[in-house]
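Going line by line, the protein sequences match chains L and Y.
In this text, residue positions in the first sequence follow the numbering used here: the first is 1347, and each later residue adds one.
In this text, residue positions in the second sequence follow the numbering used here: the first is 5, and each later residue adds one.
Ideal Cβ placement from N, Cα and C applies to all residues, glycine included.
Have a look at the structure below, then the notes.
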Amino acid sequence: MSWLAVLAIAGGAFLFKAAGMFGLGRYMTSPKAVALAGLLPPALLSALVVLQTVTSGSSLVLDARAAGVAAGAIAVWRRAPFWLVVLIAAAVTATLRAAT
Amino acid sequence: MSRTSLVDLYARPMPNRELWSRSYVRDGVIMGFAVGIFAIGFGVLAVTNGLSVAQTMAMSLLVFTGASQFAAVGVLAAGGSPVTAVGSALLLAARNGLYGVTMSRYITGPLWKRTIAAQITIDESTALGVGQEDPRDVAGAFWAGGLSVFFFWNLGTLIGAVGGNAIGDPNALGLDAAFPAGFISLAAPALKHRPGRLAALSGAVIAVVAVPFTKPGVPILLAAFGAAIALSVAGAPPVTGGTSVVER
């Protein structure tokens, strides 16, 4: 990979970050826009969770990940702390993989 | 020069809790560590696919978006052109702009500080920030998560790029399930109100439906419409934590 490609990705990635931090976010001042900005993280992060759990590239797959994440979700519901949730999810998935 | 006595110290109202006692600092370090293990894999993958150590480090320091970095190297590994690599990487980087829209309401300070904040605006820092119950903790949690992940991501990349694969396949440890579960844990407070739950549900449904028809990175951008759906159906979220309405 050329340095040009590395710097193009770095520049582009930073422009997106800066566009949100310095651009759009500053002008969204109406109550409705502020509420919308507040609802973006739950919408995006839940999409991220689902994608990381049941997709591989552009296809949907159900594997050991789903079991681990489901166990983690139950731990969240049972008010387990962050470190325990992460540990449970990883342990369930790793165990299933080792067993199959 | 007078010395502050212990009595004085305790009589004063504590401006800050002990740093480590803040749960978000603990969570940020744990998350950073997990990300660091993943980064070793990136370092190995990058150098085995023709990137120099300097280029690999430039990726982690300057691009600093895991999904984009893996995508770029993955395209090259599959024999794709540099243009395709850049395009795939940037599609996955675009969502950080949407996180920035939300986080810009909480990040204050001089320009240099907000520039650093922009660079560390990623999934992890945003999740830790918006997961705080108290709106006053959002910025602190964002910084804790972002800086911790930045440190461990770059340390892990260096270890992988220079030392090779020291830990084997991170997925054998179930690390790929640890991340989504961790995000659920961090962002759970956003599910305490109906608009937040509706945004999460619609975002997830939109993303899953879009996956077979779009390039990686696009489904998560389309999930942003979930926020608009939630707002029009359930109205504005209440004032609690990072998903709340905070006026500048």
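- At a cut-off of 8 Å between beta carbons, Y:P114 makes no contact with chain L.
- Nearest CB-CB separation between Y:N100 and chain L: below the 8 Å threshold.
- Three or more Cβ pairs drawn from the stretch 141 to 161 of chain Y and the stretch 103 to 120 of chain Y lie within less than 8 Å of each other, which places the two stretches in contact.
- Ranked by how close their Cα comes to the Cα of Y:G32, the residues Y:S129, Y:S236 and Y:L195 have Y:S129 in first place.
- A distance of 8 Å or more separates the beta carbons of Y:I126 and Y:G47.
- Contact check between the stretch 1391 to 1409 of chain L and the stretch 159 to 179 of chain Y: fewer than three CB pairs, one atom from each, fall below 8 Å, which does not count as touching.
- In the DSSP annotation of this structure, the continuous segment of the alpha helix (DSSP H) that includes Y:D31 starts and ends at S27 to T52.
- The criterion of a C-beta distance shorter than 8 Å is satisfied by Y:A93 and L:I1355.
- Counting only the Cα atoms, L:T1375 lies some 11 Å from Y:S108.
- Residues of the stretch 1352 to 1370 of chain L whose Cβ lies closer than 9 Å to any Cβ of chain Y, in chain order: V1352, L1353, A1354, I1355, A1356, G1357, G1358, A1359, F1360, L1361, F1362, K1363, A1364, A1365, G1366, M1367, F1368, G1369 and L1370.
- Contact annotation: in the stretch 188 to 203 of chain Y, residues whose CB is within less than 9 Å of a CB in chain L are I188, S189, L190, A191, A192, A194, L195, P199, G200, R201, L202 and A203.
- Interface flag for L:A1445 against chain Y is unset, since no Cβ pair is found closer than 8 Å.
- Residues of the stretch 1389 to 1404 of chain L whose Cβ lies closer than 9 Å to any Cβ of chain Y, in chain order: A1389, L1390, L1391, S1392, A1393, L1394, V1395, V1396, L1397, Q1398, T1399, V1400, T1401, G1403 and S1404.
- Put simply, of Y:A228, Y:I224, Y:A238 and Y:F229 the residue whose alpha carbon is nearest the alpha carbon of Y:L95 is Y:I224.
- Counting only residues of its own chain and dropping the five nearest sequence neighbours on each side, Y:A75 has a CB closer than 6 Å to the CB of S92, A93 and L96.
- Contact annotation: the stretch 1435 to 1444 of chain L touches the stretch 177 to 187 of chain Y, with at least three C-beta pairs closer than 8 Å.
- Across the stretch 228 to 244 of chain Y, CB contacts with chain L closer than 7 Å involve A228, G230, A231, A232, A234, L235, A240 and P241, in sequence order along the chain.
- Inter-residue distance for Y:A58 and Y:V77 is about 15 Å (C-alpha atoms, whole angstroms).
- Checking the DSSP bridge columns, you'll see L:T1401 partnered with L:L1406.
- For L:R1411, the neighbours in chain Y by C-beta distance under 9 Å run, in chain order, N175, G178, D180, A181 and P184.
- DSSP, reduced to helix, strand and coil, places Y:P216 within a helical segment of the structure shown.
- Contact between Y:F42 and Y:G70 holds: their C-beta atoms lie close to 7 Å from each other, under 8 Å.
- Contacts with chain L (Cβ-Cβ distance below 7 Å) from the stretch 135 to 164 of chain Y involve no residue at all.
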